[in-house]
Amino acid sequence: MLLVLHASLFRNAGVSSLGSLLPFANSNEMVMQVGTREVLPHAGEVPVVFGVCATDPTIHRPVLIDQIMGAGFQGVNNFPSVGLIDGTAGAMLEEEGFGFQQEVDFLAEGPGSSTG
Numbered sequence: 086m087l088l089v090l091h092a093s094l095f096r097n098a099g100v101s102s103l104g105s106l107l108p109f110a111n112s113n114e115m116v117m118q119v120g121t122r123e124v125l126p127h128a129g130e131v132p133v134v135f136g137v138c139a140t141d142p143t144i145h146r147p148v149l150i151d152q153i154m155g156a157g158f159q160g161v162n163n164f165p166s167v168g169l170i171d172g173t174a175g176a177m178l179e180e181e182g183f184g185f186q187q188e189v190d191f192l193a194e195g196p197g198s199s200t201g
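Every letter in the sequence shown is one number past the one before it in our numbering, and letter 80, counting from 1, is 165.
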């Protein structure tokens, strides 16, 4: 199984994985581009999982899930997770509706999903 994350693109560019937690770029677009251009065409029978930023306020969940599955990915993994952010910043994200439950809800909508 292969997992496509935008963090790998940052690491390849010499930026810490922590850079993937900051709004430097649209992570879902980055994962779709590298996944469809560089990973899926060479994966053969190996399942490829899309590392989705489920808290992106610009996405429409059902549309993105359809795009991900239609591109040939076999599943989704939530990355980055707001669960990595605690304290005041984490509380502020929760208050604004960008919390862990939003991530769980996204994953629960995927085909054949399991959040247990």
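C-beta atoms are modelled at their ideal positions from N, C-alpha and C, and glycine is treated no differently.
>> Give me, in chain order, the residues of the same chain whose beta-carbon lies closer than 6 Å to that of F164; leave out the 5 immediate sequence neighbours on both sides.
In response: L90 and G136
>> One question on the structure: do V124 and L87 come within less than 9 Å of each other, judged by their Cβ atoms?
In response: yes
> Would you call the stretch 152–159 and the stretch 177–194 touching, i.e. three or more CB-CB distances under 8 Å?
Replying inline: no
> How should F109 be labelled, buried or exposed, when 16 other C-beta atoms within 10 angstroms of its C-beta is the threshold for buried?
Replying inline: exposed
> Going straight from the alpha carbon of L149 to that of E194, what length do you get?
Replying inline: 11 Å
>> Please state the DSSP three-state secondary structure of G129.
In response: coil
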